[in-house]
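Counted the way full-length UniProt numbering counts, the sequence shown spans residues 1 to 238.
Single-structure report; data block below.
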Amino acid sequence: MAVPVEKVKVLVLGDSGVGKSSLVHLICQGEAMGNSAWTIGCNVDVKLHDYREEGTPHEKTFCVELWDVGGSINHSLSHSVFFNSAHGLVLVHDLTNRKSQENLRRWLGEVLSRDAGKKYSGEPDYDEEVFSENQLPALVIGTKMDRIPDSNLEEVLSRSSSVAGQCRADFINLDCMQNKHLAAGTTNAVKLSRFFDKVIERRYYTQDSRGRLGSQERRRPPSMTRTFSPTFVQEKID
Numbered sequence: 001m002a003v004p005v006e007k008v009k010v011l012v013l014g015d016s017g018v019g020k021s022s023l024v025h026l027i028c029q030g031e032a033m034g035n036s037a038w039t040i041g042c043n044v045d046v047k048l049h050d051y052r053e054e055g056t057p058h059e060k061t062f063c064v065e066l067w068d069v070g071g072s073i074n075h076s077l078s079h080s081v082f083f084n085s086a087h088g089l090v091l092v093h094d095l096t097n098r099k100s101q102e103n104l105r106r107w108l109g110e111v112l113s114r115d116a117g118k119k120y121s122g123e124p125d126y127d128e129e130v131f132s133e134n135q136l137p138a139l140v141i142g143t144k145m146d147r148i149p150d151s152n153l154e155e156v157l158s159r160s161s162s163v164a165g166q167c168r169a170d171f172i173n174l175d176c177m178q179n180k181h182l183a184a185g186t187t188n189a190v191k192l193s194r195f196f197d198k199v200i201e202r203r204y205y206t207q208d209s210r211g212r213l214g215s216q217e218r219r220r221p222p223s224m225t226r227t228f229s230p231t232f233v234q235e236k237i238d
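Structure below.
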C-alpha cells in the first residue's frame with residue numbers, strides 16, 4: 001500500500017517576464033524549459049523533497065507544490081485568489097531589471113495584506129516587522145545572470161543581496177537555461193533544499209505559543225495517495 005505524501009504550498013511571485021515559469025520547470029524537472037509562455041492565472045508544478053528531521057537518521061518525503069502566479073499588473077486584483085494557505089514564498093526578480101527587484105516589496109505587501117485579511121487600493125504596504133512576525137519562509141531568486149556584463153556583475157549581485165536582506169531571506173542568483181546552476185551539491189541547490197526544509201518545519205514541526213505542533217495535529221490525514229502532475233489554474237477575467 002502506498003504511503004500518503006504530506007504537502008506544502010509555496011508561492012512563486014514576481015513581475016511578468018522575470019522567468020518564474022522557467023525557474024519552476026528547472027526546479028521540478030531538473031532541466032531547462034524549451035519555450036515558455038506568459039502565465040495567465042497560475043501554473044502549479046510539484047517537486048518531491050526528502051526532509052530529514054534534525055538529530056535523527058529518518059527521512060520523510062514531502063510534496064512541494066510550486067504555485068507560479070502570473071505577474072501581469074493587469075490582473076493584480078485577482079492575485080490574492082491563489083495566496084490562501086501558503087507555507088512559503090519564492091520571490092523572483094530579473095537581475096537585469098532593477099524595477100523587478102524593487103517590486104518584490106509590492107509582492108510581499110500583497111501577500112501580507114491577504115494574510116491579514118486586509119483590503120487595499122493602490123500599492124499594498126510592506127512592513128518588515130509584520131513580515132518578521134508572520135515568519136513565512138522566503139527565498140529571493142535573481143534570474144538571467146548570463147545577461148549581466150562582467151563589468152557590472154559585482155554591482156548587480158550586491159544589489160540582489162541587498163534586496164534579499166530587506167526581505168529577510170536567503171538568495172540565489174542563476175541562469176534558468178543552465179541545468180548546472182541547480183545541480184545537486186551546488187551552493188544554489190543546498191540553499192534551495194534548506195528553504196524547502198524551513199517551509200516543511202514551519203508547516204509540520206514548529207510549535208506555537210501554546211506548545212502545539214504546526215497544523216499537522218489539526219488537519220485531517222490524507223485518505224488516498226495522489227498522482228502528481230502539472231496543473232493549470234485559469235483565473236476568470238471579466
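Positions of the beta carbon are idealized from the N, C-alpha and C atoms, including for glycine.
Check: Give the secondary structure of C28 by DSSP, where H, G and I count as helix, E and B as strand, and everything else as coil.; Outcome: helix
Check: Figure out for me which residue from V156, L136, R194 has the closest Cα to the Cα of C167.; Outcome: L136
Check: For W67, which of helix, strand or coil comes out of DSSP?; Outcome: strand
Check: How would you write the range of the beta strand (DSSP E) that K47 sits in, first residue to last?; Outcome: 42–52
Check: Could you pull out every residue in the same chain whose Cβ sits closer than 6 Å to the Cβ of R147, ignoring the five residues on either side in sequence?; Outcome: T96
Check: Tell me the DSSP bridge mates of F62?; Outcome: E6, H49
Check: Assuming I200 is part of the beta strand (DSSP E), what are its boundary residues?; Outcome: Note, I200: premise wrong, no beta strand (DSSP E); alpha helix (DSSP H) at 187–200.
Check: Just the Cα atoms here: how many angstroms apart are A189 and V64?; Outcome: 15 Å
Check: Please state the DSSP three-state secondary structure of G88.; Outcome: strand
Check: Let me make sure I understand the geometry here. Which of C42, L182, H93 has the alpha-carbon closest to that of V156?; Outcome: H93
Check: Given a threshold of 16 other Cβ atoms within 10 Å of its Cβ, counted over all protein chains shown, does K9 qualify as buried or as exposed?; Outcome: buried
Check: When the Cα atoms are used, what is the spatial distance from V18 to A37?; Outcome: 12 Å
Check: In this structure, what does DSSP give as the bridge partners for F171?; Outcome: V140
Check: If you draw a straight line from the alpha carbon of Q178 to that of E31, how long is it in whole angstroms?; Outcome: 8 Å
Check: Terminal residues of the continuous alpha helix (DSSP H) containing G34?; Outcome: From DSSP, G34 is part of no alpha helix (DSSP H); its letter is neither H nor E.
Check: From K47 to D197, what does the alpha carbon distance come to, in whole angstroms?; Outcome: 13 Å
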